[in-house]
Amino acid sequence: MSIREERKTEPVEEYYTWTGKARGWLLKHLPADKLLPQDQPSYVASWIYVFGMGAIVSLVFILVSGVVLSLNGPAWYHVSDFGHFVNSVHLWSVELFFMTMVVHLWGKYWMAAWRGGRTLTWITGMGAFLVSIVAAFTGYLLQTNFDSQWIAFEGKDALNASGIGAWFNVANLGQIFGFHIVLLPLAVGAVVALHVILVRMHGVVPPIDAAETDAQLSGPDRTEATR
1 MSIREERKTE PVEEYYTWTG KARGWLLKHL PADKLLPQDQ PSYVASWIYV FGMGAIVSLV
61 FILVSGVVLS LNGPAWYHVS DFGHFVNSVH LWSVELFFMT MVVHLWGKYW MAAWRGGRTL
121 TWITGMGAFL VSIVAAFTGY LLQTNFDSQW IAFEGKDALN ASGIGAWFNV ANLGQIFGFH
181 IVLLPLAVGA VVALHVILVR MHGVVPPIDA AETDAQLSGP DRTEATR
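Numbering (UniProt numbering), first residue to last: 1 to 227.
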């Protein structure tokens with residue numbers, strides 16, 4: 001008997017509280033074999049599927065190096081050799097993050113990655129990209145050098161003209177510091193986490209010309225065509 005047939009014979013548990021209903025929804029939509037799959041379709045071996053994970057790895061380096069920089073402050077990463085190194089790691093991780101994310105987005109665009117009920121997955125990917133742009137902008141403002149001052153005072157007039165200058169003052173270093181190390185990292189992390197969960201829920205999008213038998217099937221009960 002296959003795993004799917006065994007699941008059909010299992011008794012259905014009734015949920016009557018919000019915690020039970022939440023658990024039931026999670027078990028239904030996020031089973032362990034989807035969150036941590038053991039097998040993947042053959043088309044995942046293509047290089048175009050590497051860039052999404054490359055962006056996530058780059059984001060991890062950004063967050064770790066950013067925590068070290070925020071704990072030690074500008075006086076440290078401007079004068080210390082190790083501070084220069086960590087600052088460089090942070091900068092080049094950001095560069096790599098945007099490079100891999102742009103290639104990932106363009107690849108998924110030409111693959112029409114919103115197919116098969118994956119519209120929200122595509123939207124969260126674009127959302128992560130847009131929020132990351134704002135995070136990168138605030139990062140440039142925290143360089144505490146002539147470049148950051150020039151960027152701040154050139155950008156403040158445009159922000160004031162758009163009506164958000166009262167809440168987003170790029171000339172206020174303390175406010176930008178709070179945006180860059182607290183609010184925006186949380187926003188990027190939350191959107192990326194939601195994006196990954198949606199990918200696991202709906203499966204990795206297949207190429208447009210992929211065969212029907214090479215679908216998102218995994219586990220012992222997959223068809224012979226997916227082996």
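Glycine included, C-beta positions come from ideal geometry on N, C-alpha and C.
Cβ-Cβ distance between residue i and residue j below 7 angstroms
| i | j | result |
| --- | --- | --- |
| H90 | L59 | no |
| V94 | F51 | no |
| Y43 | P206 | yes |
Other residues of its chain near residue i: CB distance less than 7 angstroms, five sequence neighbours each side excluded
| i | result |
| --- | --- |
| L35 | R200 |
| H202 | G116, G117, R118 and T121 |
Exposed unless 16 or more other CB atoms sit within 10 angstroms - verdict on residue i
| i | result |
| --- | --- |
| F97 | buried |
| W122 | buried |
| S132 | buried |
| A45 | exposed |
| Y16 | exposed |
| V191 | buried |
| G139 | buried |
Sequence-distant residues of its chain with Cβ nearer than 6 angstroms to residue i (five each side left out)
| i | result |
| --- | --- |
| T144 | P74 |
| F61 | S93 |
| R227 | At R227 the pLDDT is 40, less than 50, meaning the model places this residue with poor confidence; the figure from the coordinates comes in the next sentence. So the list is empty, once near-sequence residues are dropped. |
Own chain partners of residue i with C-beta closer than 8 angstroms, once the 5 adjacent residues on each side are dropped
| i | result |
| --- | --- |
| L141 | S148, I151, A152, V170, L173, I176 and H180 |
| W167 | none |
| Y77 | L69, G83, H84, V86 and N87 |
Minimum C-alpha distance to residue i - residue among the options
| i | options | result |
| --- | --- | --- |
| A55 | T138, A193 and T100 | T100 |
| L30 | V205, P207 and L194 | L194 |
| residue 273 | H78, G83, I48 and Y49 | Missing from the structure shown is residue 273; the chain here goes from 1 to 227 and no further. |
| V196 | G127, K28, Y77 and G165 | G127 |
| M53 | A210, E14, D209 and V204 | V204 |
| G24 | E14, N160 and A161 | E14 |
Residue i beta carbon near the ligand PLP (any heavy atom closer than 6 angstroms)
| i | result |
| --- | --- |
| A32 | Looking at this structure, you won't find the ligand PLP or any other ligand, since it has none at all. |
Would you check if there are 3 or more beta carbon pairs closer than 8 angstroms linking the stretch 80-94 to the stretch 109-121?
-> no
Per the contact definition of three or more C-beta pairs closer than 8 angstroms, is the stretch 125-142 in contact with the stretch 169-187?
-> yes
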